[in-house]
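Engineer: So the sequence shown is numbered by our numbering: it starts at 645 and just counts up by one.
Every residue, glycine too, gets a C-beta built ideally from N, C-alpha and C.
In this text, all values refer to a predicted model and were calculated from it rather than measured experimentally.
Sharing a structure, written as structure tokens. Questions coming.
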Amino acid sequence: MADSAALSENLLAQPLRLPNGSVLRNRIAKSAMSEALGSYDNHVTPLLPRLYERWAESGIGLLITGNVMIDRRALGEPGNVALEDEADLPLLQEWARSATAHGTQIWMQLNHPGKQSPKGLNHYNLAPSAIPFRQDMTAFFDTPREATPGQIEDIVARFGRAAAIARKAGFSGVQIHGAHGYLVSQFLSPHHNQRNDEWGGSAEKRRRFLLAVYAEIRRQVGAEFPVGIKLNSADFLRGGFTEEESMETIRALAKAGIDLVEISGGTYESPAMTGLGKPAASTAAREAYFLEFAEKVRGAVSTPLMVTGGFRSYAGMKGALRSGALDVVGLSRLLAVDPDASAALLRGADSPCQVRPITTGIKLVDRMALMEVAWYARQLKRIATGREPRPKESGLLAFLGTVAHSGWGTFRTRRLRAS
Ligand SMILES: Cc1cc2nc3c(=O)[nH]c(=O)nc-3n(C[C@H](O)[C@H](O)[C@H](O)COP(=O)(O)O)c2cc1C
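Structure representation (structure tokens):
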């Protein structure tokens, strides 16, 4: 079959028009992966444009950046980029240019970690309510302070300001990180948000923070600029955010004009986003973790949907698109081991690389899920410095290398950055 005929039959290669008129050149998106490539004081470095240029060269439709923090006093991980003003504008412009030069869109993921930030990284952490972590996590996470109404309004304004700077720098869109147990997700959760003022109490009031963040971003960037969200289908915690509430939240966002909803799930306390939590029973048969929920959402709103978590094979992605449950396939770990995977998938072929569990063989380390994040960060750094990733790199060697390079303390701080 001629290449062009193969391309036109490949569902992954079809363009997608978003509600605001902007077009994704195809259905493959890199979902956010925290790069840990910011400077020690959380500014953009030239490594970021280089990393994104490599991904863009593969022909991918959409690149979503790793989470960028909207307040440098509230970091989620060492090596985050924090965006509060225009100090980094030239490098941000280079980042956007390197990603969009081949027709790919790049959206900046905006985040505030709330309570989910490891001990020692920030002076203190704010959250909707001062609810402690589960007992076995208190060694790594402090109990947060309850944010005052004034602090909440400041955070809302910061999301808007960061989005405006992203737009000015040439990014194609922004994504609100509303998943994985960070601040937006904390406000939505009846477990983490036990406020009795206008920011909590009922499900509707718990949604108010997210809708305020969305409205402020929209006010700052205008109607034409794509604004998306990554949202949990559920956080898989007793007394937490449920599928029913997630559905209501999506309905409210659709009504407000969101351009793309990315579905994920889980938190540090139950990391379903990387397949470690409680994915649906049918997951083994259909490689992606959150397809069943996506099907329900599809019946409720007409907003374009992206699903991330577990996609590995061309057949799995094609089948999911053909089912009609989603419009965009989100990939993370596969693109860290094979930055060219999109080119293969767009040809209707599988990547020659495989995502495999990362283990060291040291029980203590593996039990703490230490390796995965540090291992992937090493691969991203290799790509950013012009080298090829090492898909078969030993977990143990990567672990020892990281400890030798940064010391156990740094490694320990990073270890809980599941998302
Ligand atoms: C190293 C690493 C960093 C991640 N950083 C983020 C992040 O900054 N924001 C986010 O929304 N998800 C983040 N994730 C979660 C991924 O976007 C994705 O939801 C998850 O890896 C499942 O997709 P996959 O099976 O294709 O890897 C991260 C995952 C990994 C492995």
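Could you name the residues that DSSP lists as bridge partners for Arg851?
Structural biologist: Looking at the DSSP assignment, Arg851 forms no beta bridge with any residue, so it has no partner.
Engineer: Quick one: what's Val972 bridged to in DSSP?
Structural biologist: Val972 is bridged to Met950.
Engineer: Return yes when the Cβ of Ala700 is within less than 8 Å of the Cβ of Met657, no when it is not.
Structural biologist: In the sequence under discussion, the amino acid at residue 657 is Ala, which differs from the Met named in the question. Contact: no.
Engineer: Ignoring anything shorter than 3 residues, give me the beta strand (DSSP E) runs that lie fully in the segment 712-773, in order along the chain.
Structural biologist: Within the segment 712-773, the complete beta strand (DSSP E) runs of at least 3 residues are 749-755.
Engineer: Relative to ligand 1, is the shortest distance from any of its heavy atoms to the C-beta of Lys874 smaller than 7 Å?
Structural biologist: Yes, ligand 1 has a heavy atom inside 7 Å of this Cβ.
Engineer: Roughly how many angstroms separate the alpha carbons of Ile714 and Arg805, rounded to a whole number?
Structural biologist: If you take the alpha carbons of Ile714 and Arg805, they lie about 8 Å apart.
Engineer: Would DSSP call Thr911 helix, strand or coil?
Structural biologist: The answer is strand: DSSP assigns Thr911 an E or B state.
Engineer: With distances taken between CB atoms, is the gap from Leu881 to Thr893 smaller than 8 Å?
Structural biologist: The answer is no: Cβ separation not under 8 Å.
Engineer: For ligand 1, is there any heavy atom lying closer than 7 Å to the beta carbon of Asn686?
Structural biologist: Asn686: no, Cβ never under 7 Å from ligand 1.
Engineer: Which first and last residues belong to the beta strand (DSSP E) in which Ile873 is found?
Structural biologist: Ile873 -> beta strand (DSSP E) spans Val871 to Asn876.
Engineer: Can you check which of these residues, Asp780, Met1015 and Pro1033, is closest to Leu1044 by C-alpha distance?
Structural biologist: Cα-wise, what sits closest to Leu1044 is Met1015.
Engineer: Roughly how many angstroms lie between the CA atoms of Ser846 and Trp751, to the nearest whole one?
Structural biologist: Near 32 Å, if we compare the C-alpha coordinates of Trp751 and Ser846.
Engineer: Sorry if obvious, but does the Cβ on Arg977 come closer than 7 Å to a heavy atom of ligand 1?
Structural biologist: Yes, the beta carbon of Arg977 sits closer than 7 Å to at least one heavy atom of ligand 1.
Engineer: I'd like the ranges of any alpha helix (DSSP H) spanning at least 4 consecutive residues and lying wholly in the segment 809-863.
Structural biologist: You should have 827-832.
Engineer: From the DSSP output, in three-state form, read off Ala806 for me.
Structural biologist: Residue state, collapsed to three classes: helix.
Engineer: Kindly list the residues whose CB is nearer than 8 Å to the CB of Arg789, restricted to its own chain and excluding five residues on each side of it in sequence; keep chain order.
Structural biologist: The answer, listed in chain order, is Tyr768, Asn769, Leu770, Ala771 and Ala774.
Engineer: DSSP state of Lys1036, grouped into three classes?
Structural biologist: In this structure, Lys1036 counts as coil in the three-state DSSP scheme.
Engineer: Could you check where the alpha helix (DSSP H) with Leu979 kicks off and where it finishes?
Structural biologist: Segment Arg977 to Val981, the alpha helix (DSSP H) holding Leu979.
Engineer: Please report the Cβ distance between Leu706 and Gln749, rounded to the nearest whole angstrom; I am assuming they are in contact, meaning their Cβ atoms lie under 8 Å.
Structural biologist: Sure, about 5 Å apart at Cβ, within 8 Å.
Engineer: Lys759: buried (16+ other C-beta within 10 angstroms of its C-beta) or exposed?
Structural biologist: That one is buried.
Engineer: Compute the distance between the beta-carbons of Leu754 and Val725, then report whether it is under 8 Å.
Structural biologist: Contact: no.
Engineer: With distance defined between alpha-carbon atoms, name the residue in Arg1000, Arg802 and Gly960 nearest to Phe853.
Structural biologist: Among Arg1000, Arg802 and Gly960, the Cα nearest to that of Phe853 belongs to Arg802.
Engineer: Could you tell me whether the segment 672-688 touches the segment 999-1009, using the rule of 3 or more Cβ pairs below 8 Å?
Structural biologist: No: the two stretches stay apart, fewer than three of their Cβ pairs being nearer than 8 Å.
Engineer: From the DSSP secondary-structure annotation, give me the bridge partner or partners of Gly668.
Structural biologist: Per the sequence shown, residue 668 should be read as Leu rather than Gly. Bridge partners of Leu668: Leu660.
Engineer: Could you round the C-beta distance between Ala867 and Asn664 to whole angstroms and report it? I think they count as a contact, below 8 Å.
Structural biologist: Going by Cβ atoms, the distance from Ala867 to Asn664 rounds to 7 Å, so yes, they are a contact pair.
Engineer: Whole angstroms are fine: how far does the CA of Leu949 sit from the CA of Asp841?
Structural biologist: Rounded to whole angstroms, Asp841 to Leu949 spans 32 Å at the Cα level.
Engineer: Can you list, in chain order, the residues of its chain whose CB lies under 8 Å from that of Val688, leaving out five sequence neighbours each side?
Structural biologist: Gly682, Val725, Asp732, Leu735, Leu736 and Trp739, listed in sequence order.
Engineer: Please find out if some non-hydrogen atom of ligand 1 comes closer than 7 Å to the beta-carbon of Phe880.
Structural biologist: Outside the cutoff, so no.
Engineer: Hey, could you find the ends of the alpha helix (DSSP H) Ile894 is sitting in?
Structural biologist: Start and end: Glu887 to Ala900.
Engineer: By a C-beta neighbour count over all protein chains shown, 10 Å radius and 16 as the cutoff for buried, is Asn860 buried or exposed?
Structural biologist: Contrary to the premise, residue 860 reads as Glu rather than Asn in this sequence. It is buried - the Cβ of Glu860 has at least 16 other Cβ atoms within 10 Å.
Engineer: Under DSSP, the beta strand (DSSP E) around Leu707 begins and ends at which residues?
Structural biologist: Where Leu707 is concerned, the enclosing beta strand (DSSP E) stretches over Leu706 to Ile708.
Engineer: Give the secondary structure of Ala673 by DSSP, where H, G and I count as helix, E and B as strand, and everything else as coil.
Structural biologist: If DSSP states are grouped into helix, strand and coil, Ala673 belongs with the strands.
Engineer: What residue range does the alpha helix (DSSP H) around Gly682 cover?
Structural biologist: Here Gly682 belongs to no alpha helix (DSSP H), and DSSP marks it neither H nor E.
Engineer: Alpha carbon to alpha carbon, how far is Ala680 from Arg956? Give it in angstroms, no decimals.
Structural biologist: If I take the Cα positions, the gap works out to 24 Å.
Engineer: Mind checking which residues open and close the alpha helix (DSSP H) that includes Val1017?
Structural biologist: Looking at the DSSP string, the run of the alpha helix (DSSP H) that includes Val1017 is Met1015 to Ala1028.
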